[in-house]
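To convert, take the position in the sequence shown, counting from 1, and add 39; that gives my numbering. Just so it is clear, CB atoms sit at the ideal spot from N, CA and C, and this is done for glycine as well. The block underneath contains the structure these notes are about, expressed in structure tokens.
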Amino acid sequence: MANPMQHNAAPARPSAVPKHVAIIMDGNGRWAAARGLPRLVGHREGAKAVRRSIEAAIGQGVKYLTLFAFSSENWQRPQEEVSDLRGLLLQYLRSELQELHEVGVRLRVIGEHTRFGPNVVAELEAAEAKTARNEKLTLLLALSYGGRADIVAAAQRAIAEGIAPEALTEQKFASYLTTAGVPDPDLLIRTSGEQRISNFLLWQTAYAELVFTDVLWPDFGEKDFAAAIGKFTKRERRFGARPE
Ligand code: FPP
40 MANPMQHNAA PARPSAVPKH VAIIMDGNGR WAAARGLPRL VGHREGAKAV RRSIEAAIGQ
100 GVKYLTLFAF SSENWQRPQE EVSDLRGLLL QYLRSELQEL HEVGVRLRVI GEHTRFGPNV
160 VAELEAAEAK TARNEKLTLL LALSYGGRAD IVAAAQRAIA EGIAPEALTE QKFASYLTTA
220 GVPDPDLLIR TSGEQRISNF LLWQTAYAEL VFTDVLWPDF GEKDFAAAIG KFTKRERRFG
280 ARPE
């Protein structure tokens, strides 16, 4: 007789390395505060952690890495901090782009990045164009990004195109999102102990595995990235279906 417990007792099918990892980089401010340093120093250290994560992603064979660098809500921070973050972004592009290009990173920006002004837009677009043919890793930088705004903008584009309601399938809808053509994240990591999505990739993370770590973003390194991937690979992903 078949064992009625078989479904539950079946060994977990380990998942392969995630194709797309998304990260909510959190804790720069607390990292700085713990050291009595200005927040800007925390963000600077955070930029170093960005580099380590890109290296780790490439090393692990991840193909897409999305980093939440600036949310729609971050505009509400003091003007000085917004300006610091904008400056850091430009500095980052200027100092890292060539190397990113050489190792095969393709840069893609998601979000309402035009709010950063024409200079930033010009540099971001030049960086996207320069790296457009790279295939090792696609780095999606979420800048002035909000998940709800992404969904509303997608709906607006679909309506403006005059799409027939019955033609608007989930797959079709996804093609209007800013992440069009990018597979959904398999793994979402958030640092600093917070356990929230915070209006990040709301549509796209429908089936993502969530990994939360207490490590503050400036301390996040290759080992932490590998540990998150390790947790992911031990999970059994069912996408809402029953196990076989
Ligand atoms: C969250 O820490 C981090 C941010 C709002 C910005 C992320 C920016 C970086 C990692 C540096 C620059 C990035 C690039 C791509 C060059 P928080 O300030 O919310 O920290 P807190 O919650 O401890 O205050």
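Practice task
Say yes only if the C-beta of residue 131 is nearer than 7 Å to one or more non-hydrogen atoms of the ligand FPP, and no if none qualify.
Solution key: yes
Practice task
Report yes if the C-beta of residue 259 is less than 7 Å from at least one heavy atom of the ligand FPP; otherwise report no.
Solution key: no
Practice task
Count the C-beta pairs between the region 181 to 188 and the region 110 to 117 that are closer than 8 Å, then say yes if the count reaches three, no if not.
Solution key: yes
Handout entry: Runs of alpha helix (DSSP H) lying entirely within the region 92 to 180, each at least 4 residues, in chain order
Key = 118 to 141 and 157 to 169
Handout entry: Whether residue 63 touches residue 239 by CB criterion (8 Å)
Key = yes
Problem - Whole-Å CB distance - residue 234 paired with residue 259, under 8 Å assumed - result: Not really, about 16 Å apart at Cβ, beyond 8 Å.
Problem - DSSP state of residue 203 mapped onto helix, strand, coil - result: coil
Problem - Nearest candidate by alpha-carbon position, reference residue 145, set 134, 124 and 175 - result: 175
Exercise for the section: Check whether the Cβ of residue 183 sits closer than 7 Å to any heavy atom of the ligand FPP, and report yes or no. Expected result: no
Practice task
Mind reading off the beta-carbon distance from residue 164 to residue 188? Whole number of angstroms is fine, and I expect it under 8 Å.
Solution key: In fact, because the Cβ distance is near 20 Å, the residues do not count as touching under 8 Å.
Exercise for the section: Hey, could you find the ends of the alpha helix (DSSP H) residue 268 is sitting in? Expected result: 261 to 273
Problem - C-alpha distance - residue 178 paired with residue 59, whole-angstrom precision - result: 10 Å
Handout entry: Buried versus exposed call for residue 84 [16 or more other C-beta atoms within 10 Å across all chains shown]
Key = buried
Exercise for the section: Please classify residue 312: does DSSP put it in a helix, a strand, or coil? Expected result: Nothing can be reported for residue 312, as the shown portion of the chain is limited to 40 through 283.
Exercise for the section: With DSSP as the reference, label residue 59 as helix, strand or coil. Expected result: strand
Practice task
Taking 8 Å as the cut-off, decide whether the C-beta atoms of residue 78 and residue 68 are in contact.
Solution key: yes
Handout entry: Reduced DSSP category for residue 227 - H, G, I as helix; E, B as strand; rest coil
Key = strand
Exercise for the section: Round the Cβ separation of residue 247 and residue 223 to the nearest angstrom and send it over; I've been treating them as touching at under 8 Å. Expected result: 7 Å
Handout entry: CA nearest to the CA of residue 91, picked from 124, 123 and 135
Key = 135
Handout entry: Whether residue 159 touches residue 125 by CB criterion (8 Å)
Key = yes
Problem - Inter-residue spacing [alpha-carbon to alpha-carbon] between residue 118 and residue 99 - result: 38 Å
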